[in-house]
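J.:
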Amino acid sequence: MYRIISKTELATFTTQLVVEAPDVARKAQAGQFVVVRAGEKGERIPLTIADYDREKGTITMVVQPVGSSTGKICSICEGSSLHDVAGPLGNASEMIENGIVVCIGGGIGIAPIYPIAREFKARGNRVISIIGARSAEHLFWEDKLGAVSDELHIATDDGSKGIKGFVTMPLADLINSGTKIDRVIAIGPLIMMKNIANTTRPHGIKTIVSLNPIMVDGTGMCGSCRVSVGGQTKFSCVDGPEFDAHLVDFEGLMARGRMYADEEKKSVETYQHEKDGVPLCLTRR
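Residue numbers (the working numbering): 293 to 577.
Structure follows, in C-alpha cells:
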C-alpha cells in the first residue's frame with residue numbers, strides 16, 4: 293500500500309497528492325511517470341511524477357478527476373492508501389546544458405513540466421517557462437515554476453491572469469523577438485501541443501512533447517499506447533513518453549483518444565451514481 297501523506301486542492305478541479313513511495317522516489321527522474329490503481333479492482337492509469345523527495349521517500353502527483361478512475365483516486369482520504377504505484381516508468385527527459393529552453397505547461401501539464409524545468413535550470417540553462425489555463429482559478433504552481441525559471445509567462449483563455457490568449461502567443465513573441473531558443477518542451481492537451489509544434493516548425497526549433505495516450509500495462513506489452521512518430525509505430529510507455537513534436541501524428545493520436553468515449557461516459561455515469569452522498573476528503577490550501 294502507498295499511503296497518501298498529504299492531499300491538497302491546488303486549484304479548481306485539481307488535486308495534489310503526496311504519496312509515500314520510497315522505491316519510486318529513489319529512482320525517479322524528470323519526465324517519468326507511474327501507473328496507479330486506486331483499489332485492487334481498479335483501472336491502471338498513468339500519472340506523471342510531478343515532484344519527488346528522495347530523502348522523505350515521497351512522490352507528488354497532480355490529478356484532475358475527469359473520469360471514474362481519477363475520480364476514485366481523488367476521493368481517497370489523506371492518510372489512506374493507493375493500492376498500486378508502479379514505476380518509475382518511461383524515459384527521463386533528454387537534457388541539454390547551457391542553452392535557452394522554453395518549458396510550456398497547459399492545464400494539468402503545468403505539474404509535469406515543473407521537474408523538467410527544474411532539471412534544465414540545474415544544468416545551467418536559461419529557462420523560460422510559459423503556463424496557461426482556462427482561467428486564473430485553474431492555474432497553480434506559479435511560485436514553484438517561477439523559482440526555477442529565469443522568466444515566467446502566464447496566459448489564460450479569459451484573460452483573468454497574464455495575457456488573454458493561448459500559450460502559443462508568448463512563444464511566438466519570443467521567437468519573433470529574435471530569442472535564440474535551443475529547445476522547446478511542451479506538456480498539455482493534444483491540441484495545445486499540436487499548435488506549439490506548428491508554431492516552432494517553420495523556425496526549425498527542436499520541440500519535444502510528452503504524450504499520455506490510452507495506456508494499460510505501461511511496460512510495452514499491451515500496445516494500447518501506440519502512436520505514429522515519423523511514420524513509425526512507437527509505444528509511449530517504453531519509447532517515450534517524450535517525442536519529437538514535429539514528427540508526431542497528432543490527428544491519429546486524437547482519433548485514438550476518442551475511441552472509448554462512449555464507454556468512458558458510461559463509466560463516469562456509473563461512478564457518479566455510486567458516490568452520490570459520499571463526501572470527498574480534501575485539505576484546502
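Cβ coordinates follow ideal geometry from the N, Cα and C atoms, glycine included.
#1: Can you give me the Cβ contacts of PRO533 inside the same chain, cut-off strictly under 6 Å, excluding the 5 residues immediately before and after it?
#2: Which term fits MET513, buried or exposed, when burial requires 16 or more other beta carbons within 10 angstroms of its beta carbon?
#3: Bridge partners of TYR294, per DSSP?
#4: By the three-class DSSP mapping on this structure, what secondary structure does PHE542 have?
#5: Going by the beta-carbon positions, is the gap between ALA409 and VAL459 smaller than 8 Å?
#6: On the DSSP letters alone, give me the boundaries of the alpha helix (DSSP H) that GLY363 sits inside.
#7: Where do the ends of the beta strand (DSSP E) carrying ALA447 lie?
#8: Would you report the Cα separation of SER427 and THR511, rounded to the nearest angstrom?
#9: Put ALA478 into one of helix, strand or coil per three-state DSSP.
#10: If I measure Cβ to Cβ from MET461 and keep anything under 7 Å in the same chain, skipping five residues before and after, which residues do I get?
#11: Quick check: what's the CA-CA separation for ASP345 versus ALA322?
#12: What residue range is occupied by the uninterrupted beta strand (DSSP E) comprising LYS526?
#13: Report the residue from ALA537, GLU543, HIS375, PRO338 whose alpha carbon sits nearest the alpha carbon of ARG475.
#14: Quick check on the burial criterion: 16 or more other C-beta atoms within 10 angstroms. Buried or exposed for MET293?
#15: Name the DSSP beta bridge partners of MET353, please?
#16: According to the neighbour-count rule (16 or more other Cβ atoms, all chains shown, within 10 Å of its Cβ), is GLY399 buried or exposed?
#17: Mind checking whether GLY397 and ILE479 have CB atoms under 8 Å apart?
#18: Using only the alpha-carbon positions, how far apart do PRO505 and LYS486 sit?
#19: Give me the Cα-Cα distance between LEU437 and GLU543, rounded to the nearest whole angstrom.
#20: Rounded to the nearest angstrom, what separates PRO481 and GLY401 at their Cα positions?
#21: Which same chain residues end up closer than 7 Å to VAL419 when comparing Cβ atoms and leaving out the 5 residues on each side of it in sequence?
#22: What is the residue span of the alpha helix (DSSP H) that ILE408 lies within?
#23: For ALA425, which residues does DSSP report across the bridge?
#24: Since ILE296 contacts VAL316 with CB under 8 Å, what's their CB separation in whole angstroms?
#25: For GLY331, would you say it is in contact with chain B, using Cβ-to-Cβ distances shorter than 8 Å as the test?
#26: In chain order, what residues of the same chain lie with their CB nearer than 6 Å to the CB of THR352, ignoring the 5 residues before and after it?
#27: Within its chain, find whatever has a CB closer than 6 Å to the CB of HIS495; leave out the 5 residues flanking it on each side and keep chain order.
#28: As a quick exercise: from TRP433, GLY523, GLY379, pick the residue whose alpha carbon is nearest that of PRO404.
T.: Answer, in terms of the structure:
#1: Here residue 533 refers to the residue found at position 241 of the sequence shown. Correct list, in chain order: GLY382, SER502, LEU503.
#2: Counted from its first residue, the sequence shown places residue 513 at position 221. MET513 counts as exposed, since fewer than 16 other C-beta atoms from the protein chains shown sit within 10 angstroms of its C-beta.
#3: Stepping through the sequence shown from its first residue, residue 294 is reached at position 2. Under DSSP, TYR294 shares a beta bridge with LEU374.
#4: Position 250 of the sequence shown, counted from the first residue, corresponds to residue 542. Helix.
#5: Against the sequence shown, residue 409 aligns to sequence position 117. Against the sequence shown, residue 459 aligns to sequence position 167. Not in contact: ALA409 and VAL459 (Cβ atoms no closer than 8 Å).
#6: The residue you call residue 363 lines up with position 71 of the sequence shown. In this chain, the alpha helix (DSSP H) harbouring GLY363 covers 360-367.
#7: Translated into the one-based positions of the sequence shown, residue 447 becomes position 155. Counting along the chain, the beta strand (DSSP E) containing ALA447 begins and ends at 443-448.
#8: Here residue 427 refers to the residue found at position 135 when the sequence shown is read from its first residue. Here residue 511 refers to the residue found at position 219 when the sequence shown is read from its first residue. One C-alpha to the other measures close to 36 Å.
#9: The residue you call residue 478 lines up with position 186 of the sequence shown. Correct three-state label for ALA478: strand.
#10: Residue 461 sits at position 169 when you count from the first residue of the sequence shown. Result list for MET461: ALA447, ILE455, in chain order.
#11: Stepping through the sequence shown from its first residue, residue 345 is reached at position 53. Stepping through the sequence shown from its first residue, residue 322 is reached at position 30. Each residue's Cα considered, the two are about 12 Å apart.
#12: Reading the sequence shown from its first residue, position 234 is the one you call residue 526. Its beta strand (DSSP E) spans residues 524-527.
#13: On the sequence shown, residue 475 is found 183 positions in, with the first residue counted as 1. Comparing Cα-Cα distances from ARG475 to each of ALA537, GLU543, HIS375, PRO338, the minimum goes to ALA537.
#14: On the sequence shown, position 1 is the one that residue 293 refers to. Result: exposed.
#15: Translated into positions along the sequence shown, residue 353 becomes position 61. LEU309, per the DSSP bridge assignment.
#16: Locating residue 399 in the sequence shown gives position 107, where the first residue counts as 1. Residue burial annotation: GLY399 is buried, with at least 16 other C-beta atoms found within 10 angstroms of its C-beta.
#17: Indexing the sequence shown from 1 puts residue 397 at position 105. Indexing the sequence shown from 1 puts residue 479 at position 187. Yes, these two residues count as a Cβ contact at 8 Å.
#18: For the purposes of this step, residue 505 is identified with residue 213 of the sequence shown, where counting begins at 1. For the purposes of this step, residue 486 is identified with residue 194 of the sequence shown, where counting begins at 1. Each residue's alpha carbon lies about 14 Å from the other.
#19: Looking up residue 437 in the sequence shown gives position 145. Looking up residue 543 in the sequence shown gives position 251. Straight through space, the alpha carbons of GLU543 and LEU437 are spaced by roughly 30 Å.
#20: In the sequence shown, the residue the question calls residue 481 occupies position 189. In the sequence shown, the residue the question calls residue 401 occupies position 109. Each residue's alpha carbon lies about 8 Å from the other.
#21: Sequence index remark: in the sequence shown, residue 419 carries index 127 (1-based). Taking C-beta separations shorter than 7 Å and ignoring five residues to either side along the sequence, the partners of VAL419 in its chain run VAL393, CYS395, ALA409, PHE412, LYS413, VAL440, SER441, ASP442, following chain order.
#22: What you label residue 408 is simply residue 116 of the sequence shown in a count that begins at 1. Annotation for ILE408: the continuous alpha helix (DSSP H) segment containing it runs 402-414.
#23: In the sequence shown, residue 425 corresponds to position 133, counting from 1. Here ALA425 is bridged, per DSSP, to THR448.
#24: As a working mapping, residue 296 is identified with position 4 in the sequence shown. As a working mapping, residue 316 is identified with position 24 in the sequence shown. The C-beta separation of ILE296 from VAL316 comes to about 14 Å, leaving the pair out of contact by the 8 Å criterion.
#25: No chain B is part of this structure, which consists of one protein chain only.
#26: Your numbering for residue 352 matches position 60 in the sequence shown. Correct list, in chain order: VAL310, ALA342, ASP343.
#27: In the sequence shown, residue 495 corresponds to position 203, counting from 1. The residues are ILE467.
#28: Reading the sequence shown from its first residue, position 112 is the one you call residue 404. Per the Cα distances, TRP433.
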